[in-house]
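Colleague: In this note's numbering, the protein residues as written are 13 to 115.
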Amino acid sequence: MSEQEAPSKAETERATEFECHAPEAEKVFLAGSFNEWNPEATLMEKSNNGKWTAKLKLEPGRYEFKFVVDGQWCCEANCHASGECPQCVPNDFGTMNRVCEVA
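#1: Figure out for me which residue from E76, V114, E88, E113 has the closest Cα to the Cα of D104.
#2: Exposed or buried, what is K67 when buried is set at 16 or more other beta-carbons lying within 10 Å of its beta-carbon?
#3: Give the range of the beta strand (DSSP E) segment to which K67 is assigned.
#4: Determine which residues share a DSSP beta bridge with M108 and list them.
#5: Leaving out five residues before and five after Q99 in sequence, what residues of the same chain have Cβ atoms less than 7 Å from its Cβ?
Okay, here's the thing in C-alpha cells:
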C-alpha cells in the first residue's frame, strides 16, 4: 500500500475570474494584493462585447484589487465608488478597493 500525497498548492487553488466592463479602453490591467499591486503584472483580455477578463489561481483568502484602465486606477471603469458600493472598501489613499473572497 503506497502513501497518498497531499494535494499540491496548484491543485488546491481555484481559478478566479475578474471582469471589467470598459468597451472604449485600449488596455486594462488587474492589480491587487495578489500581485503586489503591480499595475502592469496582469493584462486582461478584451471580448467582443467590451468586457475585459482575467483568470487567476488564488489560494483561499481575502484579496483587494483595482483595475488600471488606460493608466487610470479604478474599482470599475466609469465608477466613482464611494462608501455605498457593497463590493468596495476604503484604502489608505482615500479611495476605494474592490474585494474578492476566495473560499
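A virtual CB, placed ideally from N, CA and C, is assigned to each residue, including glycine.
Modeller: On the basis of the data shown:
#1: E76
#2: exposed
#3: 63-70
#4: P102
#5: R110, V111
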